[in-house]
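Residue numbering for the sequence shown follows full-length UniProt numbering, starting at 1 and increasing by one per position. Virtual Cβ for every residue (Gly too), placed ideally from N, Cα, C. All values reported here derive from a predicted model rather than from experimental measurement. Notes to accompany the following structure.
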Amino acid sequence: MLIDYHTHHERCGHAVGRLEDYVTRGIEIGLSHIGLSDHMPLLHVKPEEYYPEMAMPMAELPAYVEECFRLKEKYKGQIEVRVGLEADYIEGWEQEIQAILQAYSWDYVIGSVHFLGTWDISDFRQTHNWEGKDIFAVYEQYYEAVVKAAGTGFYDIAGHLDVIKRFAYKPDLSRQQEVEELENRALRAVKQADMVMELNASGLSKACEEMFPSRRMLEEACRLGIPLTLGSDAHDPQKLSEHLDQARALLHEIGFRELAVFEGRTRRMIPLEIER
């Protein structure tokens, strides 16, 4: 069974392709499961005053969910469509996040930290915010948010856990041990919350040139017994499943033999398949 649980489509504003384009592309390339997981609407900033094309408008959310479930039924027997959401964790907005997550019958929810305050650390238009910053202090703030996200119990999957490295801003090597301690604390929080972690292969195409999370973190996750799932983070149907062959091979090399899949927010494990 080949799976891809992290995808985005045109409603979010910074991706292309309709939801159905992703589903039909998944059938074409032989996926068993495709997860539709677009971005949660913005809550803590006013979309009209913020950077454009960040997430679907709140008014689009019901139509998104309705379309996902329609496609799930339409393509039953050809591919397993899973209805998901990539939901930001934003400290101080827990009640509003929880209301969205409780309003719909999701198959799974990815919990991701993109925002430190109003700074989206994953947005290429906002890299100027690194200027003059203590990079290690930013890492501390980021991983503290990851720990808090896990502690909410809102999420099924921890998204791109070390995405803070995306633009290759990293603390000095002299602080590497301290960075690893931050990473390990986040992993322990994921384990304590009984969450799955994704291996997000999109980092191979970013400035960091490394999947999210790193091999070291994957090895620690394996030691801790954290289940894994896979996502390409595709923003174009033609990018669906991109680099996931490398991701599966890496997980197998580390020692993983199963992957997590979801339906109705219930997890089950399937065999990890690799090309031989």
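Suppose you measure from the CA of S202 to the CA of L250; what does that come to, to the nearest Å? Whole-angstrom Cα-Cα distance: 14 Å.
Residue range of the beta strand (DSSP E) that T229 falls in? Taken as a continuous stretch (DSSP letters only), the beta strand (DSSP E) holding T229 covers 228-231.
On the three-state DSSP scale, how would you describe A207? Looking at A207 - three-state DSSP - the assignment turns out to be coil, as it is neither helix nor strand.
Spell out a yes or no on whether the region 62-81 and the region 114-121 are touching, meaning 3 or more CB-CB pairs, one atom from each, closer than 8 Å. Touching, no, given that fewer than three Cβ pairs across the two stretches are closer than 8 Å.
Rounded Cβ spacing between residue 282 and I254 (contact assumed at less than 8 Å): Residue 282 falls outside the range modelled here, since the chain spans only 1 to 276, and no answer is possible.
Is residue 289 helix, strand or coil when you go by DSSP? Coverage of the chain is limited to positions 1 through 276, which leaves residue 289 absent and any answer about it impossible.
Does the Cβ of E253 lie closer than 6 Å to at least one heavy atom of the ligand NAD? Here there are no bound small molecules, and the ligand NAD is not part of this structure.
Let me check one thing: in DSSP terms, what residues is L259 bridge-paired to? In DSSP, L259 forms a bridge with I270.
Using three-state DSSP, classify F124 as helix, strand or coil. Three-state result, F124: helix.
Contacts around I274, its chain only, beta-carbon distance under 6 Å, and the 5 residues preceding and following it disregarded: Hits under 6 Å: R248, A249, H252.
Any idea which residues DSSP pairs E94 with across the strands? By DSSP's assignment, E94 forms no beta bridge with any residue.
Count the other C-beta atoms from every protein chain shown that fall within 10 angstroms of the C-beta of L240, then say buried if there are 16 or more, exposed otherwise. Buried is the call here.
Note the first and the last residue of the continuous beta strand (DSSP E) segment covering I110. 108-112 is the extent of the beta strand (DSSP E) around I110.
In the DSSP assignment, find the beta strand (DSSP E) that holds A87 and state where it starts and stops. From DSSP, the beta strand (DSSP E) with A87 extends over 80-88.
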